[in-house]
Amino acid sequence: MFRKDSLKLKHLSILFFFTVFLLGILLFKDYGVSLDERFHRNNALFWHDYVKSFISDTNSSAVNESINLLKERIKTKGNFVSGVPSIQPVPLAILYEFFVEAANLKNSKNIYQYRHLYNFIIYFLGLFFFYRLIYNRYGSYFYSLLGCLFLFLTPRFFSESFYNPQDIFFLSLTIINMYTGINFLRKPNFKNTFSFSLSSALSIDTRIMGFVSVFVILLFFVLKLLRSKKFSQNNSKFIFYSIPLTFLLIVIFWPFLWGSPFKNFVFALSELSSVKFFVTNLYFGQYISSIAVPWHYHIVWIGITSPIIIILLFLIGLFFLLRRIVFRIMKLNEDFNDIWRGDKEMSDIYFLIIIILSIYLFINQSLGYSGWRHLYFIYPSIIMIALSGFYYLHFFIKIKFFRFLFYTFVIMNLSYLAYWNYKFHPYQYVYFNLMFKNNFNNNFDKDYWGLSNKNSLEYIIKNSTNFPVKIATKSFASLEKSSLILNEKDKRKIKIIYDLDNADYIITNYIKRLRNEFIIDMNKYKKYHEILVDEIPINTIYKKSN
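Using the working numbering, the first residue of the sequence shown is number 3, and each one after it goes up by one.
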C-alpha cells in the first residue's frame, strides 16, 4: 500500500525520540505540584508499606491496620479524605515509592521533581509504543512520526506528562495494551499472549476503565474464531490462556486482592464502578456538579482543547470509516466475513469502538471531573483515526498545488503547536485551540489544579526582602501543596495563612471557593504580578499597599 520510507525518515524518528527525551530531562523541574498529587503520592506510599508488611508477615499488626484503613476508604464512596487510601493502587506509582526508599529521598522538592521525571519516562515509553502501533497499521515511518508529533505537541498532554500520574500512566498503559492486543489478534502465540495479559493487568490495576480495551480485543478474537475455521483450530487455545493469565497478573500487581483474590476482586469492581465524588466544574460560564454533567460535556472539552488539525483530520477519517462500516454491514453474511477485510481495517474499527464505548460509559454515568482527563486514554485512538483522515486526503488530492496547500496546512499547525508550547511553557495545561482561545475565560476552568501557584510563590520569594512573608490564597487550590515543590530554604521564607486581611500577598488562580468565596479588599491590596496565557490571566498576585 505504501512505498518504502527512506532511511532518512527512520533516522529522523530516532532524532525525534532523542529530542523528546532530552526535553524531558531539561524541563521536568519546571512544573508545580498539582492539587491531586499529594493524595496520589500518599496512596502509593500506603500501598508500598502494605506490600512490605504483607511480604514480611501477612498477619502483622501493620497489615491489619491497613485493612481497617481501607474499610474507612470504602465508606467514603470515592471521596478524597485525608489519610484514607484508595483500594486501587496504581502499580507504577508503588514502584516509584520503592525508588524513593532506595534513593533515600527525604526532601519533598526532590521527591516530587523526580516523580515528575518518572511520570515523563512512563509517557515516553507510551510514546514509543504509539510509534510502533502506528507503524503496524500503516507500515510507514512517516505516519508513525506524524502521529507521535500529534500526541507529543498537544499542549495539555505535553505538560500533564510530567505531573499527572494516574491519567497519563493510564494513557501510556492503554497505548501499550492496544499495541500488544493487536499483536495478539494478528499473530496469537505464547509471547503475544503473555505481553497482552501483562499490559492488560497493569492497565486494569491503574484504572478500572482498562477493561474497555481488553474487552474489545477479546471480542474481536472471538469474531476471528467465528470467521475462520483454520484460525479457530490453530488459535482458540490462546484465549483460554489469556483470561486466567490476565487475572493472575491483575492479582499480582494489585495488593488489595492478595488476601482473598476472587472475593476482593468482585468487591473492588463493584466499588470502583460506582464511585462518584463531588467537585464543581465551570462549564460554559455555569458551575455544574461533577456527578451530573450534560451528555455533551466530554465531547465539548475534547473539541475545545484538542488541536484543530487533529479534530479536522479525525472528522474526515471518521466519515470514511463509518461509510466503509455501513457498506460492510450491508454485505454482511452469516460467517461475519465482511465486518473487516484484513487486520488494518480491523484495527480501525477497534480504535473507533474504544472511543465510542468509553464516551458512552461516561455519558451514561453523567460523570465529569475537571475537563476530560479521565478520558485521556482515548486520545491515541482519536489520533489513529485522524491519521486515517490524512491518508484519505493524501489519496484523493491528485492536483499537486492542492496537495501542497494541504501539506502546508498540516506543517503550519504543527509549527504553531510547537511555538505555543515554547511560548507559554510551563503553562501548557491551560491550552484551548485556535477556535476557542478567545472565549475560554470565565467560561471554563483554567488552572484547576493550581500548578501556577508554584511560579507565583517563587516570584514573591525572589522579589521580597523581609522574611517570612505572609501569603494567602483566594482560590480553591492549596498553597501548602504548591509549596511542596520549594526547597527547604524557600519554605522557611513564607508563612501560609488563611486570613486574607493579614496577608502580605494574596494569590488567586481563578478557581473559586464556592462555599466560602473570599473577597480581596482592593483598598488594601493592589495587583502586583500576573501570569498570562493567550492574554488571559491564569494567576494573579495582589500585594498589600504600604
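C-beta atoms are modelled at their ideal positions from N, C-alpha and C, and glycine is treated no differently.
Which residue from V253, V281, F279 and F321 puts its Cα closest to that of V268? V253
Open item on the list: In whole angstroms, give me the CA-to-CA distance for N191 and S238.
Closed with: 11 Å
Neighbourhood of V65 by C-beta, 8 Å cutoff - its chain only, sequence neighbours within 5 removed: Y52, S55, F56 and D59
| said: Can you find the residues in the same chain that come closer than 8 Å, C-beta to C-beta, to N549, ignoring five residues on each side of it along the sequence? | reply: Because the chain spans 3 through 548 in this model, residue 549 falls outside it and cannot be assessed.
Output the residue ranges of the alpha helix (DSSP H) runs that lie fully inside the region 414 to 494 and measure 4 residues or longer, sorted by chain position. 455 to 464, 481 to 484 and 490 to 493
Note to self: Within a Cβ cutoff of 6 Å, which residues of the same chain sit near T542, ignoring the five residues on either side of it in sequence?
What the structure shows: T510 and E532
Exercise. What separation, rounded to the nearest whole angstrom, lies between the Cα atoms of I136 and F392?
Worked result: 13 Å
* Asked: Tell me which same chain residues have a C-beta within less than 7 Å of the C-beta of Y118, skipping the five on either side of it?
  -> Per the sequence shown, residue 118 should be read as His rather than Tyr. Taken in chain order, the residues that qualify are F30, Y33, F164 and Y165.
#### Entry: Cβ neighbours of D458 in the same chain (closer than 6 Å, five flanking residues each side left out)
One point to set straight first is that residue 458 is Ser, not Asp, in the sequence displayed. Counting only Cβ-Cβ distances below 6 Å, and skipping sequence neighbours, we find I509, N541 and I543.
Open item on the list: For K495, tell me which candidate among K472, Y98, L502 and I487 has the shortest Cα-Cα distance.
Closed with: K472
Can you give, in chain order, each stretch of the beta strand (DSSP E) that sits fully within the region 294 to 362 and has at least 3 residues? none
| query | Between the beta-carbon of N283 and the beta-carbon of S372, is there less than 8 Å? | reply | yes
### Query
Mind pulling the beta strand (DSSP E) runs of 3 or more residues that sit fully within the region 111 to 191?
none
request  = Sort N525, Y461, N455 and N465 by Cα distance to S485 and report the nearest one.
outcome  = N455
Just to confirm my understanding: we take W49, look at its own chain, exclude 5 residues before and 5 after, and list those with CB closer than 6 Å. What are they? P91, I96 and P257
How far does the beta strand (DSSP E) with V535 in it reach, from first residue to last? Y527 to V535
Per DSSP, what kind of secondary structure is N548 in: helix, strand or coil? coil
| Once you ignore the five residues that flank G80 on each side, which residues in its own chain have a CB closer than 7 Å to its CB? | Interpretation of G80 is limited by its pLDDT of 47, a score under 50 that renders its predicted location unreliable; no figure is taken from the coordinates.
So, does the CB of F159 fall closer than 8 Å to a CB anywhere in chain B? Checking the listed chains, one finds no chain B in this structure; it contains a single protein chain.
Would you call the region 310 to 323 and the region 410 to 418 touching, i.e. three or more CB-CB distances under 8 Å? yes
Per DSSP, which one or two residues make a beta bridge with Y507?
I473 and K545
What residues are listed by DSSP as bridge partners for N283?
I290
| said: On the DSSP letters alone, give me the boundaries of the beta strand (DSSP E) that K497 sits inside. | reply: I496 to I498
Exposure label - S390; buried when at least 16 CB within 10 Å: buried
Please confirm if the region 176 to 194 is in contact with the region 123 to 136, defined as three or more CB-CB distances below 8 Å between the two stretches.
-> yes
Option nearest F255 by Cα separation, candidates S201, A105 and D350: S201
I'd like to know if the region 519 to 532 and the region 434 to 450 are in contact, where contact means that at least 3 CB-CB pairs between them fall below 8 Å.
no
Handout entry: the region 359 to 366 in contact with the region 210 to 217 per 3-pair CB rule at 8 Å
Key = yes
Requested in this report: Provide the residue(s) that pair with P539 in DSSP beta bridges, ordered along the chain.
Outcome: L534
field: S205 beta carbon less than 8 Å from that of I124
entry: no
Practice task
Write down the C-beta distance between F23 and L147 rounded to the nearest angstrom, noting that I regard them as a contact closer than 8 Å.
Solution key: Not quite, the Cβ-Cβ distance comes to about 15 Å (not below 8 Å), so this is no contact.
With DSSP run on the structure shown, which of helix, strand or coil describes Q235? helix
_C-beta contact flag for I380 and L320 at 8 Å_ = no
Give the straight-line distance between the Cα atoms of K222 and I401, rounded to the nearest whole angstrom.
For the sequence presented, residue 222 should be read as Phe rather than Lys. For F222 and I401, the distance between alpha carbons rounds to 39 Å.
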